[in-house]
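Report on the structure given below.
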Amino acid sequence: MTDDHAAMRTQAWQAQVAYHRSRAEQEQRLASRSRTDAGRAAHQALSERHLQLAASAELVTDMPDPEMPRSTSLHDTGRLIRESYSEAG
Numbered sequence: 012m013t014d015d016h017a018a019m020r021t022q023a024w025q026a027q028v029a030y031h032r033s034r035a036e037q038e039q040r041l042a043s044r045s046r047t048d049a050g051r052a053a054h055q056a057l058s059e060r061h062l063q064l065a066a067s068a069e070l071v072t073d074m075p076d077p078e079m080p081r082s083t084s085l086h087d088t089g090r091l092i093r094e095s096y097s098e099a100g
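First residue of the sequence shown: 12, per the numbering used here; consecutive thereafter.
Dropping the structure here:
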């Protein structure tokens, strides 16, 4: 692998760090606006998970030749929670 490929993978991981931090903040805002305890708990749990993933991704950015990141199931989980809100009225 070339240095360009390694740099590209590191940048991809840095983008993952930014994404998960942003999603954690979004989930915190949703938790604070939630009308139910269950909703607040779900959004808080997702926020904490995104912060964990951001911290893990940040560690990978320091590795000399990281693999490209792969998506997680968090996207689907968040979508299902949002759909549940719309169904609950």
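The beta carbon of each residue, even a glycine, is placed where N, CA and C say it ideally should be.
Checklist line | Status (buried if at least 16 other CB within 10 Å, exposed otherwise) for Ser43 | finding: Counting from one through the sequence shown, the residue named residue 43 turns up at place 32. Label assigned to Ser43: exposed.
Check: Straight-line CA distance for Arg60 to Ser67?
Finding: Translated into positions along the sequence shown, residue 60 becomes position 49. Translated into positions along the sequence shown, residue 67 becomes position 56. Those two C-alpha atoms are separated by around 11 Å.
Item checked: For Ala17, the three-state DSSP class (helix, strand or coil) -> The count along the sequence shown starts at 1 and reaches residue 17 at position 6. It is helical.
Item checked: Span separating the alpha-carbon of Tyr30 from that of Pro77 -> Position 19 of the sequence shown, counted from the first residue, corresponds to residue 30. Position 66 of the sequence shown, counted from the first residue, corresponds to residue 77. The straight-line gap from Cα to Cα measures roughly 18 Å.
Check: Distance, Cα to Cα, Ala56 vs Met19?
Finding: Residue mapping note: residue 56 aligns to position 45 of the sequence shown, counting from 1. Residue mapping note: residue 19 aligns to position 8 of the sequence shown, counting from 1. CA-to-CA, the gap between Ala56 and Met19 works out to about 31 Å.
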